[in-house]
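According to the numbering used here, the sequence shown holds residues 2 to 184 in order. Some notes on the structure that comes next.
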Amino acid sequence: MVQKFARRGTVADSDAGMRRADEDLAAETVATARVAGRAWWMSAQWLLAALEAQRRVDIDQYEEQLRVELKEFTEALYRVPTVLQDRRRGREAVEFLGSPTSMMVEATFKIMAAAHRVGTADQADAAELAALRRFGGDVHGSISALLMDCAASVPRMRSAVPAYLRDRIQGRPDGENAHGAPQ
């Protein structure tokens, strides 16, 4: 009988260890994707600011840097649903694989096309650059919201997501609790 209880304890400890390892992997994966997305957007903002200020830019160097950041983001992003699916044990997987990556690729190509046009012209088109800044900001915002949703689904990361953001992510208006009642 003592041996039976000891085995149960060992199995429970093993399960708890596996859950912690799953949470660690999920947290690391989401954090990596968030950092890579942020790095991409910072680089894009730097290039757009340089173009707006009509500073000389090494477009080839920037393009290479952006490709590396895009690759890192894509690799991390494609690991997120797998990690969350494994954690959820059969619940519906997060369905977003292509969307953020394709949005980021589209924004990247638009920014690079503008950089090449500005590189051959005497003056940058301020309206085009402003539109690209808005588009890139929208892409980054969408990706950030998606990754915050992923972070909120990882138990150990929940405390890192402010309550008001967690409520918005879960579709609740400000000032309502999980049951729809005012707080």
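Just so you know, even glycine gets a beta-carbon here, dropped at the ideal spot from N, CA and C.
**Report entry** Residue burial classification, residue 87 (beta-carbon count within 10 angstroms, cutoff 16)
**Finding:** The residue labelled residue 87 in the question sits at position 86 within the sequence shown. Per-residue confidence for residue 87 stands at a pLDDT of 46, beneath the threshold of 50, marking its modelled position as unreliable; the derived number appears in the next sentence. When all chains shown are included, residue 87 counts as exposed.
Query raised in the report: How is residue 23 classed by DSSP in three states: helix, strand or coil?
Result: As a first step, residue 23 is located in the sequence shown; it is residue number 22 there, counting from the start. In the structure shown, the three-state DSSP call for residue 23 is helix.
Query - Whole-angstrom distance between residue 39 and residue 80, CA atom to CA atom - result: Taking the sequence shown and counting its residues from 1, the one referred to as residue 80 is at position 79. Taking the sequence shown and counting its residues from 1, the one referred to as residue 39 is at position 38. Cα to Cα, the separation comes out at about 17 Å.
Query raised in the report: Between residue 11 and residue 134, what straight-line distance do the alpha-carbon atoms span, to the nearest angstrom?
Result: Start at 1 with the first residue of the sequence shown, and residue 11 comes out as number 10. Start at 1 with the first residue of the sequence shown, and residue 134 comes out as number 133. In a straight line, the C-alpha of residue 11 is about 55 Å away from that of residue 134.
Report task. With DSSP collapsed to three states, give me the class of residue 80. Result -> What you label residue 80 is simply residue 79 of the sequence shown in a count that begins at 1. Residue 80 falls in the helix class under three-state DSSP.
Requested in this report: Give the secondary structure of residue 154 by DSSP, where H, G and I count as helix, E and B as strand, and everything else as coil.
Outcome: Residue 154 sits at position 153 when you count from the first residue of the sequence shown. In this structure, residue 154 counts as coil in the three-state DSSP scheme.
Query raised in the report: Between the C-alpha atoms of residue 19 and residue 28, what's the straight-line distance to the nearest angstrom?
Result: Counting from 1 along the sequence shown, the entry for residue 19 is found at position 18. Counting from 1 along the sequence shown, the entry for residue 28 is found at position 27. The straight-line gap from Cα to Cα measures roughly 14 Å.
Query raised in the report: Would the beta-carbon of residue 130 fall within 8 Å of that of residue 115?
Result: Along the sequence shown, read from residue 1 onward, the residue named residue 130 stands at position 129. Along the sequence shown, read from residue 1 onward, the residue named residue 115 stands at position 114. In this structure, residue 115 lies closer than 8 Å to residue 130 by Cβ.
**Report entry** Nearest to residue 55 (by Cα), restricted to the options 67, 117, 137 and 136
**Finding:** Counting from 1 along the sequence shown, the entry for residue 55 is found at position 54. If we check each option's Cα against that of residue 55, 117 comes out closest.
Query raised in the report: Looking at residue 140 and residue 104, is the spacing between their C-beta atoms short of 8 Å?
Result: Against the sequence shown, residue 104 aligns to sequence position 103. Against the sequence shown, residue 140 aligns to sequence position 139. Their beta carbons are under 8 Å apart, which means residue 104 touches residue 140 by this criterion.
Requested in this report: Would you mind stating whether residue 62 and residue 44 have Cβ atoms separated by less than 8 Å?
Outcome: The residue labelled residue 62 in the question sits at position 61 within the sequence shown. The residue labelled residue 44 in the question sits at position 43 within the sequence shown. No.
Requested in this report: Compare the Cα-Cα distances from residue 111 to each of 136, 120 and 125 and report the closest residue.
Outcome: Position 110 of the sequence shown, counted from the first residue, corresponds to residue 111. Of the listed residues, the one whose Cα sits closest to residue 111 is 136.
Requested in this report: Can you give me the Cβ contacts of residue 15 inside the same chain, cut-off strictly under 6 Å, excluding the 5 residues immediately before and after it?
Outcome: Within the sequence shown, numbered from 1, the residue matching residue 15 stands at position 14. The same chain holds no residue with a CB closer than 6 Å to that of residue 15 once the five nearest residues on each side in sequence are set aside.
**Report entry** Check whether residue 119 and residue 49 have beta carbons under 8 Å apart
**Finding:** Residue 119 sits at position 118 when you count from the first residue of the sequence shown. Residue 49 sits at position 48 when you count from the first residue of the sequence shown. Result no, Cβ atoms of residue 119 and residue 49 do not sit closer than 8 Å.
Query - Local Cβ density within 10 Å of residue 59, reported as buried at 16 or more and exposed below that - result: The residue you call residue 59 lines up with position 58 of the sequence shown. Around the beta-carbon of residue 59, fewer than 16 other beta-carbon atoms lie within 10 Å, marking it exposed.
Query raised in the report: How would you label residue 25, buried or exposed, when you count the other beta carbons within 10 angstroms and need 16 or more for buried?
Result: Residue numbering aside, residue 25 sits at position 24 when the sequence shown is read from its first letter. Exposed, because fewer than 16 other Cβ atoms sit within 10 Å of the Cβ of residue 25.
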